[in-house]
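Just so you know, we're using UniProt numbering here: the sequence shown kicks off at 1 and counts up by one.
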Amino acid sequence: MARAREFNDNAVLDAATDRFWRQGYVATSVRDLGEAMGLVPASLYNAFGSKHALFALCLDRYLDRNMRERIERLEASHPPRAAIETFLKEIVARSLADPRGCLLVNSALEVAPHDVEIGSVIAARLGELEAFFHRCVLAGQRDGSIAAASRARDLARLLLTTVMGLRVLARSKPEPALLRGAARQALALLDPPFKEQST
């Protein structure tokens, strides 16, 4: 009969995620993880298999909470143009508030180039974010809030690039005016052309 776990999964995964987030994947040892999670190495391996498997679980869980849930919330509660604007504003606010940066972006820079499995997870999640922007742009072009002359796919990719750039920039130069200005300029590219009203 298998022995029941004697710890709270959410609590230990939160602790592991925070340690990976603060130190990076490579610099975080199994001992570091055990200390953060309150587990001896044997218990950690028995519960999660390996450091790599634990990191993949933490990353996937982080992305569900911090990207997928935000996308679902904004699409359900905002018109398409406002959903894009709110997403970027929240990214700027989060980037300024949390010196750890974004675990997705940190992992894309540190782990993905050397790890096919993690790289495929990151690529898939970035694809989800691009798809969200693409849906919003198409809907915004239909309702007139976004320039119809621009290719929706190109605008979606521009917005994805803006999000990644904001997150990277915030790690070395977390200046509110800089980040907000960059986001504002990206959003300006969505504006439909000005039409003079006839008098």
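Every residue gets a Cβ at the ideal spot worked out from N, C-alpha and C, and that includes glycine.
Note that the structure is a prediction, hence the values are computed from the model and not measured.
query, result
"Identity of the residue in TYR62, VAL121, ALA42 nearest GLY101 by Cα", "TYR62"
"Cβ neighbour criterion (16 or more within 10 Å) applied to THR161", "exposed"
"Through-space distance from ILE84 to ALA36, alpha-carbon basis", "36 angstroms"
"Opening and closing residue of the alpha helix (DSSP H) in which residue 227 lies", "Because the chain is modelled from 1 through 199, residue 227 falls outside the range shown and cannot be assessed."
"LEU190 versus LEU138 - alpha carbon distance", "11 angstroms"
"Buried versus exposed, by CB contacts within 10 Å (16 or more), ARG151", "exposed"
"First and last residue of the uninterrupted alpha helix (DSSP H) at ASP191", "Neither: ASP191 is in no alpha helix (DSSP H) and is coded neither H nor E."
"For LEU44 and LEU13, believed in contact at Cβ under 8 angstroms, the rounded distance", "Actually they do not touch by this definition, with Cβ atoms about 11 angstroms apart."
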